[in-house]
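Participant: Residues in the sequence shown are numbered from 16 upward in steps of one, following this note's numbering.
Every residue gets a Cβ at the ideal spot worked out from N, C-alpha and C, and that includes glycine.
Input: one structure, supplied below.
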Amino acid sequence: MASDVGDLTAFLRQHPDKQFCSPCLAFEFKLTFQTVDGVLAAIGQRVPLTEVRGQCAICGRRALVTGLETVHDRSPRERVLLFLLDHPGRSFCHACIGRRLQFNIGTVQNAVSDLRTSADVRVDDAPCSECGLRRLVVRREDGGISPR
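What follows is the structure, given as structure tokens:
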């Protein structure tokens, strides 16, 4: 898997302004869909990745596509923190944060991990304020967990 991470990272860096669907990446790198998801999550923990509905640069179909995070004035860590500050008292799972901020799950995991060491952020097993599912959720320390 380490070589897959390196190969796919290099590919994304060669195409910084393009986004790709998982089926095309799987075909291009001869990987299973499950392996592509794992590789993208691993890459997202090292390099900020976006995940949005858009047009795949390979097949042209509209799908969930992944690419490198474009130059942004704030880091993923700062954007997750600002998101939590904008939603006091609410708790969000990583998947919902990713959807709201258009980040790959690995990018969210990395940002939350960084925040836990340097900010008043807490992770709990509780219902997500967004989707209502009981998961690991993140919230600002000064906000209470509010079940749906």
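What ranges does the alpha helix (DSSP H) occupy inside the stretch 65–116, keeping only unbroken runs of at least 4 residues that lie completely in it?
Facilitator: Correct list: 91–101 and 109–116.
Participant: Out of 148, 133, 146 and 34, which one is the CA nearest neighbour of residue 155?
Facilitator: Nearest of 148, 133, 146 and 34 to residue 155, Cα basis: 133.
Participant: Please classify residue 109 as buried or exposed, where buried requires at least 16 other C-beta atoms within 10 Å of its C-beta.
Facilitator: That one is buried.
Participant: For residue 155, name the three-state secondary structure that DSSP assigns.
Facilitator: Here residue 155 sits in strand by DSSP.
Participant: According to DSSP, residue 36 sits in a beta bridge with which residue or residues?
Facilitator: BP columns for residue 36 point to 80.
Participant: Residues bridged to residue 6 by DSSP?
Facilitator: Residue coverage of the chain in this structure runs from 16 to 163, which leaves residue 6 outside it and unanswerable.
Participant: Quick check: the Cα distance between residue 143 and residue 70, rounded to an integer number of angstroms?
Facilitator: Approximately 30 Å, taken between the alpha carbons.
Participant: Residue 126 to residue 85, Cα distance in whole Å?
Facilitator: So the two alpha carbons sit approximately 16 Å from each other.
Participant: Between residue 31 and the rest of its own chain, which residues show a CB-CB distance below 6 Å, the 5 nearest in sequence each way excluded?
Facilitator: Excluding sequence neighbours, residue 31 sits near 83.
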